[in-house]
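In what follows, a structure is listed as structure tokens, so that the remarks can point back to it.
Residue numbers (the UniProt record's numbering): 1 to 317.
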């Protein structure tokens, strides 16, 4: 049981962070299906920085290197997200098309750049970021084993981001403005709210969280980056929809999807699943089949922001 919980947490954390990134953008009315590409771009640069810092003559402490990689990946995700923001907000482009362009651009950019600079597309690093035991907290029965032993600092970063996003959206004036812009931008404009500023900042925040999630996903699940994040960005969109655009429900949704992804990626380490002796492909299909089923069931009850995907033109009613 402890192993399943710990593995689920590894999948849950990047899903939760990236889905919260999607929430930030879409609460302001801007569709962001570019999460996959933004994750990949953030992971590419963040992991590259981690690799270089690990290979330095006098390397920094491992947890500090991990944090620097996360910050750099987040900034890269935020910068690339601004191209989506400029296209969809300033030039009134179709938000789906500009986001799709980022998803197509990201792997090509990562592969071309990596091959040009180092002769191979794989970026290898030392995946030695796991914390064996958090002092004091790791001694708590059951909870200590689940959350504070053999864990990553990214688990606590995700908890902090979840709390921050919930407080921002539902307990602050800025959050009220973001939600107002996503529901009725014309009414928000009449109240003196700068629609464009709110949307730019929201999309930027979305890219930052996607980039952070990309770095965390790669570092906690692999020892190399190979120009892919295994569809986690698209799963995060499903988590966002299943979570009905609310932070608390997104957390529950991420737990469900994280559990099924654990089954898909680590079934051989779980005794009773290994004994079933099913083909690997069957396990790998599980999270995506679940995604299709969940989206089909929940689409009717969707509570998406009313102005999502709509182009806003000042003065138009």
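All C-beta atoms in this analysis are idealised placements derived from N, C-alpha and C, irrespective of residue type, glycine included. These figures come from a predicted structure and were not determined experimentally.
Taking Cβ to Cβ, would you say residue i is nearer than 7 Å to residue j?
| i | j | result |
| --- | --- | --- |
| residue 69 | residue 42 | no |
| residue 182 | residue 27 | yes |
| residue 13 | residue 154 | yes |
| residue 22 | residue 308 | no |
| residue 71 | residue 53 | no |
| residue 214 | residue 73 | yes |
| residue 193 | residue 178 | no |
What separation, rounded to the nearest whole angstrom, lies between the Cα atoms of residue i and residue j?
| i | j | result |
| --- | --- | --- |
| residue 33 | residue 278 | 33 Å |
| residue 160 | residue 250 | 15 Å |
| residue 16 | residue 119 | 34 Å |
| residue 196 | residue 59 | 43 Å |
| residue 230 | residue 260 | 14 Å |
| residue 321 | residue 271 | Since the first residue shown for the chain is 1 and the last is 317, residue 321 is missing from the structure and cannot be characterised. |
| residue 241 | residue 289 | 15 Å |
| residue 102 | residue 265 | 26 Å |
| residue 96 | residue 267 | 35 Å |
Between the options, which has its C-alpha nearest residue i's C-alpha?
| i | options | result |
| --- | --- | --- |
| residue 7 | 247, 187, 257 and 48 | 257 |
| residue 49 | 104, 38, 35 and 125 | 125 |
| residue 9 | 59, 201 and 147 | 147 |
| residue 132 | 120, 274, 198 and 152 | 152 |
| residue 31 | 84, 38 and 59 | 84 |
| residue 122 | 261, 224 and 179 | 224 |
| residue 55 | 127, 187 and 177 | 127 |
| residue 382 | 37, 244 and 97 | No answer is possible for residue 382: it lies beyond the span of the chain, which begins at 1 and ends at 317. |
| residue 238 | 296, 106 and 105 | 296 |
| residue 5 | 185, 144 and 170 | 144 |
Going by DSSP, what residues sit across from residue i in a beta bridge?
| i | result |
| --- | --- |
| residue 149 | 133 |
| residue 51 | Paired residues: none, contrary to the question. |
| residue 261 | In DSSP, residue 261 forms no bridge with anything. |
| residue 123 | 225 |
Taking only heavy atoms of the ligand GTP into account, decide whether any of them is closer than 6 Å to the Cβ of residue i.
| i | result |
| --- | --- |
| residue 73 | In the structure shown, the ligand GTP is absent, as is every other ligand, since no ligand is present at all. |
Self-check item: Contained alpha helix (DSSP H) runs [length at least 4] in the segment 187-252, N- to C-terminal order
Solution: Correct list: 195-221 and 232-242.
Practice problem: Return the chain-ordered ranges of every alpha helix (DSSP H) run that is complete within the segment 13-79 and spans a minimum of 4 residues. | Solution: Secondary structure remark: continuous alpha helix (DSSP H) runs of at least 4 residues inside the segment 13-79, in chain order: 35-54.
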